[in-house]
Amino acid sequence: MYDTNLVLGGKEFTSRLIVGTGKYSTLDIMREAHEASGAEIVTVAVRRVSLPGTGESILDFIDTKRFTLLPNTAGCYTADEAVRTAYLAREAGMGDFVKLEVIGDQRTLFPDVPELIEATRTLAREGFIVMPYTNDDPIACRKLQDAGAACVMPLGAPIGSGLGIRNPYNIKIILETVTVPVIVDAGVGTASDAAIAMELGCDGVLMNTAIAGAQDAVAMAKAMKLAVEAGRLAFKAGRIGKKLYATASSPLEGLPDWTS
Amino acid sequence: MSVQIVVNGKPMEVEPGTTVDGLLTLLNVKREYTAVAVNREVTPKSTYGSVTLSEGDKVEIVRPMGGGAS
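The listed protein sequences derive, respectively, from chains A and B.
Offset between the first sequence (1-based) and our numbering: plus 220.
Offset between the second sequence (1-based) and our numbering: plus 358.
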């Protein structure tokens, strides 16, 4: 079936699944899971080098010719920290993409939206392809789009919670509110959650823990690939409406007469 | 006289006139996919050889690490 590519910052992607690089039991399993997921974008954190700098690099396990790196500003609590982190990532050679996170609270890891909007505006002006992690709030998403975001990434549920898409109605309203791609970021626990996001009409799904934390991360990565594809196909196919009562799918005409 | 600086949160002594490039060599840090900030400002790679570290400078050396979200 014909489908368009996911376009972010003028770059086209066939896969609509974006995956993380954290929490895997080993880096070899991470590499295998990335392969199984079919993802073309992987997100990485920016952290201090351990000194002396002799340790192995995560990039020894990511083929940067194949995968687009998406550095994130995880752990940043102000716009200033997030902007500086994005600059560091770009200077390190990780490209212009940034998964922008400005966290408001350690317990919930919910975003600080005013700071997020400010950081989005600054980085978009500086030529970054800004992908902000935000609340499932249509107004926040509209403001992020106005600030220059390349897409909006509303959470389905708190980061790492695995609770799924807790407010599908808000996600629907966000899809009607913005014209940039909508990518659900955070909250996915299993394949059906990813499928639901895609069935709603989202342009993509980003996840880390759901894959890395699964008992068999590689198998879950494959499940997520299939779920994102299935959900996308179902959305494009156009589902039937929901009705309270039954509607027969066999013709009523031509029933034999069994009356005696 | 040596110059006292802080690298990734740890105090360190370097020779006067040490550049960012010299520090990275001293610490055996690969240049690829690494970035440096001195006193909160990003140091462009092209200036590693010319930026000299001064007393009290705070240096951050970062690279990509495994992570998904906060």
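Note that CB positions come from ideal geometry on N, CA and C, so glycine has one too.
Original post:
DSSP puts Val402 (chain A) in a beta bridge; with which residues?
Top reply: Per DSSP, A:Val372.
Original post:
For the beta strand (DSSP E) that contains Arg421 (chain B), what are its first and last residues?
Top reply: The continuous beta strand (DSSP E) containing Arg421 (chain B) extends over residues Lys416 to Gly424.
Original post:
Would you call Asp332 (chain A) buried or exposed, if buried means 16 or more other Cβ atoms sit within 10 Å of its Cβ?
Top reply: Within a 10 Å sphere around the beta-carbon of Asp332 (chain A) sit 16 or more other beta-carbons, which makes this residue buried.
Original post:
Mapping DSSP to helix, strand and coil, what is Ala417 (chain A)?
Top reply: Three-state DSSP puts Ala417 (chain A) in a helix.
Subject >> CB contact below 8 Å: Val266 (chain A) versus chain B >> reply: At least one chain B Cβ lies under 8 Å of Val266 (chain A).
Original post:
Three or more beta-carbon pairs under 8 Å between the segment 431-441 of chain A and the segment 264-280 of chain A, yes or no?
Top reply: For the pair of segments examined, the segment 431-441 of chain A was found not to touch the segment 264-280 of chain A: the number of CB pairs separated by less than 8 Å stays below three.
**OP:** Verify whether the separation of the beta carbon atoms of Gly424 (chain A) and Ile349 (chain A) is less than 8 Å.
**Re:** No, these two residues do not count as a Cβ contact at 8 Å.
Original post:
From Arg341 (chain A) to Tyr307 (chain A), what does the alpha carbon distance come to, in whole angstroms?
Top reply: Roughly 14 Å between the two C-alpha positions.
Subject >> CB-CB length for Val420 (chain B) against Thr401 (chain B), believed under 8 Å >> reply: Incorrect: roughly 11 Å between the Cβ atoms, too far for contact.
Original post:
For the segment 279-296 of chain A against the segment 320-335 of chain A, are there 3 or more C-beta pairs whose distance is under 8 Å?
Top reply: The segment 279-296 of chain A is in contact with the segment 320-335 of chain A.
Original post:
If we cut at 8 Å on Cβ distances, does Ala339 (chain A) have a partner in chain B?
Top reply: Output row for Ala339 (chain A): interface = no.
Original post:
Within the chosen definition, does the segment 245-263 of chain A reach the segment 450-461 of chain A through at least 3 CB pairs nearer than 8 Å?
Top reply: Between the segment 245-263 of chain A and the segment 450-461 of chain A, the count of Cβ pairs shorter than 8 Å is below three; the stretches do not touch.
**OP:** Going by DSSP, name the residue or residues bridged to Thr410 (chain B).
**Re:** DSSP, once it has assigned bridges, lists B:Thr377 as partnering Thr410 (chain B).
**OP:** Check whether the segment 239-250 of chain A touches the segment 380-400 of chain B, taking contact to mean three or more Cβ pairs, one atom from each stretch, closer than 8 Å.
**Re:** Flag = no, the segment 239-250 of chain A and the segment 380-400 of chain B do not touch.
Original post:
Which full runs of the beta strand (DSSP E) of 3+ residues lie inside the segment 404-468 of chain A, going along the chain?
Top reply: Segments of the beta strand (DSSP E) lying fully in the segment 404-468 of chain A: 424-427.
**OP:** Please name the residue, chosen from A:Asn428, A:Gly474, A:Tyr465 and A:Phe455, that lies closest to Ser428 (chain B) on a Cα-to-Cα basis.
**Re:** Comparing Cα positions, the closest option is A:Asn428.
Original post:
So is Ile419 (chain B) in contact with chain A if we call contact Cβ pairs under 8 Å?
Top reply: Ile419 (chain B) counts as touching chain A.
Original post:
Closer than 8 Å, CB to CB, is Ser408 (chain B) near chain A or not?
Top reply: Chain A, which has no Cβ nearer than 8 Å to the Cβ of Ser408 (chain B), makes this no.
Original post:
Got a sec: which bits of the segment 244-262 of chain A sit with their beta carbon under 9 Å from any beta carbon on chain B, in order along the chain?
Top reply: For the segment 244-262 of chain A, which is checked against every Cβ of chain B, the residues closer than 9 Å are Tyr244, Leu247 and Met250.
Subject >> Distance CB(Asn355 (chain A))-CB(Leu375 (chain A)) smaller than 8 Å >> reply: Their beta carbons are under 8 Å apart, which means Asn355 (chain A) touches Leu375 (chain A) by this criterion.
**OP:** Counting only the same chain and skipping the five closest in sequence on each side, list residues whose C-beta sits under 7 Å from that of Ile337 (chain A).
**Re:** Once the five neighbours on either side are set aside, the close Cβ partners of Ile337 (chain A) are Lys363, Leu364 and Ala367.
Original post:
Between the C-alpha atoms of Leu271 (chain A) and Ser408 (chain B), what's the straight-line distance to the nearest angstrom?
Top reply: So the two alpha carbons sit approximately 22 Å from each other.
**OP:** Helix, strand or coil for Pro175 (chain A), going by three-state DSSP, please let me know.
**Re:** Because chain A spans 221 through 480 in this model, residue 175 (chain A) falls outside it and cannot be assessed.
Original post:
Met314 (chain A) and Pro422 (chain B): beta carbons closer than 8 Å?
Top reply: The Cβ atoms of Met314 (chain A) and Pro422 (chain B) lie closer than 8 Å to each other.
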